[in-house]
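Visitor: Taken in order, these protein sequences are the chains called A and B.
Residue numbers for the first sequence follow our numbering, so the first one is 1 and each next one is one higher.
Residue numbers for the second sequence follow our numbering, so the first one is 1 and each next one is one higher.
All C-beta atoms in this analysis are idealised placements derived from N, C-alpha and C, irrespective of residue type, glycine included.
Before I ask anything, let me first share the structure, which is written out below as structure tokens.
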Amino acid sequence: GENVEQHPSTLSVQEGDSAVIKCTYSDSASNYFPWYKQELGKRPQLIIDIRSNVGEKKDQRIAVTLNKTAKHFSLHITETQPEDSAVYFCAASFSGGYNKLIFGAGTRLAVHP
Amino acid sequence: GAGVSQSPSNKVTEKGKDVELRCDPISGHTALYWYRQSLGQGLEFLIYFQGNSAPDKSGLPSDRFSAERTGGSVSTLTIQRTQQEDSAVYLCASSGRDRGLNYGYTFGSGTRLTVV
Chain A
1 GENVEQHPST
11 LSVQEGDSAV
21 IKCTYSDSAS
31 NYFPWYKQEL
41 GKRPQLIIDI
51 RSNVGEKKDQ
61 RIAVTLNKTA
71 KHFSLHITET
81 QPEDSAVYFC
91 AASFSGGYNK
101 LIFGAGTRLA
111 VHP
Chain B
1 GAGVSQSPSN
11 KVTEKGKDVE
21 LRCDPISGHT
31 ALYWYRQSLG
41 QGLEFLIYFQ
51 GNSAPDKSGL
61 PSDRFSAERT
71 GGSVSTLTIQ
81 RTQQEDSAVY
91 LCASSGRDRG
101 LNYGYTFGSG
111 TRLTVV
């Protein structure tokens with residue numbers, strides 16, 4: 001069935017360190033993989049996404065890598081700052097060419113000054 | 001509009017009552033989604049509308065839940081005979097497609113439903 005697994009569920013780092021969150025998906029036809037950041041009491045917001053025709057994408061301190069063979073993708077945050085503290089959700093598209101996203105369970109990231 | 005609008009922002013209802021939640025997507029977005037987020041939990045898919053196609057209702061948890069999308073725009077999620085386990089934040093999102101490629105959802109602020 002449609003499934004996205006996300007690890008770890010919680011992550012605590014010191015300011016300036018890097019943080020890595022990993023996800024695996026079940027549908028080999030998935031072709032779109034966005035990441036969302038949700039601050040406490042707010043809506044999820046798209047921070048970066050990657051399509052299946054590329055292996056890596058970077059935007060300032062945030063990067064995402066995709067391994068289609070392993071059905072695995074990861075979010076990397078470098079030089080973490082306290083304002084990076086939030087819950088991060090990965091997602092994968094399902095149903096072939098449709099845009100239905102199945103989300104991982106989320107990772108609560110805490111960045112300590 | 002500039003963003004996805006949801007109303008009401010908060011709803012407290014008595015167990016057994018029916019509720020309607022409204023979502024107004026971004027103009028021009030062909031796809032609309034409903035998700036449910038229980039306290040401290042992830043995003044649970046409920047239903048998905050894409051243009052004029054039949055909706056994907058595979059995530060609706062029971063037949064008490066239904067949704068409509070009128071005129072390809074505004075959507076209403078209806079929960080009949082509400083139960084306490086229905087308490088959650090109901091998030092709506094919309095997205096578009098560009099040259100056949102998906103692009104990311106924009107979420108609304110959600111409706112926090114509390115069943116007492």
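Measuring straight from C-alpha to C-alpha, what distance separates Ser38(B) and Glu79(A)?
Guide: The straight-line gap from Cα to Cα measures roughly 31 Å.
Visitor: Since Ala93(B) and Tyr105(B) are thought to touch, with beta carbons under 8 Å apart, how far apart are those beta carbons, to the nearest angstrom?
Guide: About 4 Å; that satisfies the 8 Å criterion.
Visitor: Ala105(A) touches chain B at which residues, Cβ-Cβ below 7 Å?
Guide: What Ala105(A) touches in chain B: Gly42.
Visitor: Relative to the C-alpha of Asp24(B), which candidate in Gly59(B), Gln83(B), Glu44(B) and Thr76(B) has its C-alpha closest?
Guide: Nearest C-alpha to Asp24(B): Thr76(B).
Visitor: Does the contact criterion of 3 or more C-beta pairs under 8 Å hold for the region 5-21 of chain B versus the region 54-67 of chain A?
Guide: No, the region 5-21 of chain B is not in contact with the region 54-67 of chain A.
Visitor: Taking just the CA atoms, how far does Pro44(A) sit from Tyr103(B)?
Guide: Each residue's Cα considered, the two are about 15 Å apart.
Visitor: Glu162(A) by DSSP, collapsed to three states: which one?
Guide: The structure shown does not extend to residue 162(A), since chain A is modelled only from 1 through 113, so no value can be given for it.
Visitor: Can you pull the chain B residues whose beta carbon is under 9 Å from the beta carbon of Asp59(A), in chain order?
Guide: Near Asp59(A) there are no residues of chain B at all, since even the closest Cβ is about 13 Å away, more than 9 Å.
Visitor: Kindly list the residues whose CB is nearer than 6 Å to the CB of Asn53(A), restricted to its own chain and excluding five residues on each side of it in sequence; keep chain order.
Guide: Within the same chain, Asn53(A) has no close Cβ partners at all.
Visitor: Taking the C-alpha atoms as reference points, what is the distance between Asp49(A) and Leu101(A)?
Guide: If I take the Cα positions, the gap works out to 12 Å.
Visitor: Under the three-state reduction of DSSP, which class applies to Asp17(A): helix, strand or coil?
Guide: In this structure, Asp17(A) counts as coil in the three-state DSSP scheme.
Visitor: Along chain A, which residues have their Cβ under 9 Å away from the Cβ of Leu91(B)?
Guide: Ordered by position in chain A, the residues that pass the 9 Å Cβ test against Leu91(B) are Arg43 and Pro44.
Visitor: For the region 51-98 of chain B, list the alpha helix (DSSP H) runs that are entirely contained and at least 4 residues long, ordered along the chain.
Guide: Taking only runs of at least 4 residues, no alpha helix (DSSP H) segment lies wholly in the region 51-98 of chain B.
Visitor: Using a Cβ-Cβ cut-off of 8 Å, state whether Pro34(A) counts as contacting chain B.
Guide: Closer than 8 Å to some Cβ of chain B, the Cβ of Pro34(A) qualifies, so yes.
Visitor: Can you pull out the residues from the region 103-114 of chain B whose beta carbon lies closer than 9 Å to at least one beta carbon of chain A?
Guide: Against chain A - using a Cβ distance shorter than 9 Å - the residues of the region 103-114 of chain B are Tyr103, Gly104, Tyr105, Thr106, Phe107, Gly108, Ser109 and Gly110.
Visitor: For Tyr90(B) and Arg36(B), what's the separation of their Cα atoms in angstroms?
Guide: Near 5 Å, if we compare the C-alpha coordinates of Arg36(B) and Tyr90(B).
Visitor: State the Cα-Cα distance for the pair Gly28(B) and Ser93(A), rounded to the nearest angstrom.
Guide: So the alpha carbons of these two residues sit roughly 21 Å apart.
Visitor: Nearest-angstrom Cα distance between Thr13(B) and Asn67(A)?
Guide: In a straight line, the C-alpha of Thr13(B) is about 46 Å away from that of Asn67(A).
Visitor: Beta-carbon within less than 7 Å of Lys57(B)'s beta-carbon, same chain only, minus the 5 sequence neighbours each way: which residues are those?
Guide: Answer for Lys57(B): Ile47, listed in chain order.
Visitor: Within the same chain, show all residues whose beta-carbon is closer than 7 Å to that of Arg61(A), passing over the 5 residues directly before and after it, in chain order.
Guide: Excluding positions up to five away in sequence, the list reads Ile77, Thr78 and Glu79.
Visitor: Does chain B have any CB closer than 8 Å to the CB of Phe73(A)?
Guide: No, its Cβ sits nowhere closer than 8 Å to a Cβ of chain B.
Visitor: Taking the beta strand (DSSP E) that His112(A) belongs to, which residues open and close that run?
Guide: Where His112(A) is concerned, the enclosing beta strand (DSSP E) stretches over Thr107 to His112.
Visitor: List, in chain order, every chain B residue whose beta-carbon is nearer than 7 Å to that of Asp27(A).
Guide: The premise fails here: Asp27(A) is roughly 13 Å from chain B at the closest Cβ pair, so nothing lies under 7 Å.
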